[in-house]
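Participant: Numbering-wise, the sequence shown is residues 1 to 96 according to my numbering.
Note that beta-carbon positions come from the ideal geometry of N, C-alpha and C, so glycine has one too.
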Amino acid sequence: MGSCFPIDSTLSDLRSNPVESKTVAATLFRRVLTREPDESELADLLAFHEAQRQRFVSGELDPSKIGAKNGTTPETAAWIMVARAVLNLDEAVTKG
C-alpha cells in the first residue's frame, strides 16, 4: 500500500531511480502543490538543495539525524530538507 504522503514515494523513487536534480525538484513540487513550478521557484529549490547538501558534506549537519535510518546519504538528507521546506509552504495543504 502506498504512503498517504507523496514525499515518501518521491524520495523512494530518487533512491531507486537516480535522475537529474531538476526533475526531482519539479516532481516533488508538483506532487505537493499540484502545479508545475515556474523557473524562479525551481531555481530556488535547486539552490536550497545544493546549500543543504554542502552542509551535510562539510559535516555542519549530520545526515543520520535527518533520515529515518543511519546511513542516510548527504544527497538524500538534502532532499528531505527540500521536501520539508515545500511541505511548510502556505500553499501546501497538509491537513486532512
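In this structure, does DSSP put residue 94 in helix, strand or coil?
Facilitator: Residue state, collapsed to three classes: coil.
Participant: To the nearest angstrom, report how far apart residue 31 and residue 91 are at their CA atoms.
Facilitator: Whole-angstrom Cα-Cα distance: 12 Å.
Participant: According to DSSP, is residue 66 helix, strand or coil?
Facilitator: Reduced to three states, the DSSP call for residue 66 is coil.
Participant: According to DSSP, simplified to helix, strand and coil, what is residue 39?
Facilitator: DSSP places residue 39 in helix when its eight states are reduced to three.
Participant: By how many angstroms is the C-alpha of residue 60 removed from the C-alpha of residue 21?
Facilitator: When rounded, the distance between both Cα atoms is 22 Å.
Participant: Would you mind stating whether residue 76 and residue 87 have Cβ atoms separated by less than 8 Å?
Facilitator: Not a contact, by the Cβ cut-off of 8 Å.
Participant: I need the DSSP call for residue 19, collapsed to helix, strand or coil.
Facilitator: Looking at residue 19 - three-state DSSP - the assignment turns out to be coil, as it is neither helix nor strand.
Participant: Leaving out the 5 sequence neighbours to the left and right, which residues in its chain are closer than 6 Å to residue 128 when beta-carbon positions are compared?
Facilitator: No answer is possible for residue 128: it lies beyond the span of the chain, which begins at 1 and ends at 96.
Participant: Could you tell me the alpha carbon to alpha carbon distance between residue 29 and residue 74, rounded to whole angstroms?
Facilitator: So the two alpha carbons sit approximately 20 Å from each other.
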